[in-house]
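Colleague: Got a structure for you, written out below as structure tokens; questions coming shortly.
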Amino acid sequence: MKLRKVTAASAVALTLAVTATACGSDNKNDSGSSGGGKIKIGIKYDQPGLGLKEPNGSFSGFDVDVATYVAKQLGYKPNQIEFVETKSADRENALARGDVKFIAATYSITDERKQKVDFAGPYLLAHQDLLVKANSNISKATDLNGKKLCSVTGSTSAQNIHDTIAPKANLREYSGYSECIAGLQSGAVDAVTTDDSILAGFAAQDKYKGQFKLAGLKLSNENYGIGVKKGDTTTVNKINTALEKMVSDGSWQKAVSKNFGPANYKNEQAPKIGNIVK
Ligand code: GLU
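For the sequence shown, the numbering used here assigns the number 62 to the initial residue and increments by one for each residue that follows.
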């Protein structure tokens, strides 16, 4: 931990030195809101293909690429980004406290969440699904009655199970999907439920290859938005402009192919800004 902080500090020092040297020459891209400071962005740390902290400390995934693109449009270079883990249940509070400027963390836009935070986007449409062992005979929501099902506290996935999809399932709520997947592998739970985008990323990991299958059910519409602090309309508008550009210049499709290709996840086409699929 200490070592990482020192490294980050030297990176900042280096950036400052370079900026100072370049002063008055070619630093016009720096003219945004950044100045040379940092931007904190909330992501997931344990979702392969979306938001993942790699063992070497780097970050990967579609949300990471979206966040990096958006940050650039706001005037921040990659080395000015500080990624912060925002678990499903922590997202609204992290924004309200001002811990992060924005959140790109498989964060579905919902009316309930809109009471507490504002959203830019959507930038991806996913659907709730089930992940089960390759030899499981669970194939539809009604098969879940009395079965041990895992999802994450504070997610729409858990809420939908309670409310409509399978109220009679024995739902366990963990703090992250990686814990659910470990439970599925060990046999502690019979199925994991969340967005198909997330489940496909886990299923494609080398250590799980061939062990799990997705049911392929579109149990809900999950419109991924970028969360910002309630009332920060300026940032929402800037992020929406950035997302539109990401689609129109081909970067969105590039990020999709890079991050979802390996998982063989067949995503929906890019949503239009403001178009929420109910
Ligand atoms: N997209 C859903 C949500 O925002 C599930 C994934 C997650 O927990 O991040 O609740």
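Cβ coordinates follow ideal geometry from the N, Cα and C atoms, glycine included.
(1) Where DSSP assigns a beta bridge to L275, which residues make up the other side?
(2) Give the straight-line distance between the Cα atoms of V131 and S239, rounded to the nearest whole angstrom.
(3) Per DSSP, which one or two residues make a beta bridge with T51?
(4) Can you pull the DSSP bridge partners for A249?
(5) If contacts are defined as beta-carbon pairs under 8 Å, then I102 and F180 qualify, I think. What distance do you get, rounded to the angstrom?
(6) Quick check: what's the CA-CA separation for G277 versus D190?
(7) Does the distance between the C-beta of D256 and the nearest non-hydrogen atom of ligand 1 fall short of 7 Å?
(8) Go through its chain and collect everything with a Cβ distance to Y235's Cβ below 8 Å, but skip five positions before and after it.
(9) So for G244, helix, strand or coil by DSSP?
(10) Could you tell me the alpha carbon to alpha carbon distance between P139 and N336, rounded to whole angstroms?
(11) With a threshold of 7 Å on Cβ separation, who are the neighbours of S312 within its own chain once the five nearest residues in sequence on each side are excluded?
(12) Going straight from the alpha carbon of L280 to that of I142, what length do you get?
(13) The alpha helix (DSSP H) with E329 in it runs from where to where?
Modeller: Let me lay it out:
(1) Along the sequence shown, read from residue 1 onward, the residue named residue 275 stands at position 214. Among the bridge pairs identified by DSSP, L275 is matched with L192.
(2) Walking along the sequence shown from the start, residue 131 turns up at place 70. Walking along the sequence shown from the start, residue 239 turns up at place 178. Distance between the alpha carbons of V131 and S239 is about 27 Å.
(3) Here the chain comprises residues numbered 62 to 339, so residue 51 is not present and cannot be evaluated.
(4) As a working mapping, residue 249 is identified with position 188 in the sequence shown. Paired residues: none, contrary to the question.
(5) Translated into the one-based positions of the sequence shown, residue 102 becomes position 41. Translated into the one-based positions of the sequence shown, residue 180 becomes position 119. Not a contact, Cβ separation roughly 15 Å.
(6) The residue labelled residue 277 in the question sits at position 216 within the sequence shown. The residue labelled residue 190 in the question sits at position 129 within the sequence shown. In a straight line, the C-alpha of G277 is about 6 Å away from that of D190.
(7) As a position in the sequence shown, residue 256 is number 195, starting the count at 1. At least one heavy atom of ligand 1 is nearer than 7 Å to the Cβ of D256, so yes.
(8) The count along the sequence shown starts at 1 and reaches residue 235 at position 174. So the qualifying residues of the chain are C211, S212, V213, T214, C241 and G244.
(9) Reading the sequence shown from its first residue, position 183 is the one you call residue 244. Residue state, collapsed to three classes: helix.
(10) Looking up residue 139 in the sequence shown gives position 78. Looking up residue 336 in the sequence shown gives position 275. Cα to Cα, the separation comes out at about 29 Å.
(11) Locating residue 312 in the sequence shown gives position 251, counting from the first residue. Cβ neighbours of S312 beyond the five flanking positions: Y130.
(12) In the sequence shown, counting from the first residue as 1, residue 280 sits at position 219. In the sequence shown, counting from the first residue as 1, residue 142 sits at position 81. Using only the alpha carbons, I get a separation of about 35 Å.
(13) Here residue 329 refers to the residue found at position 268 of the sequence shown. Where E329 is concerned, there is no enclosing alpha helix (DSSP H), given that its DSSP letter is neither H nor E.
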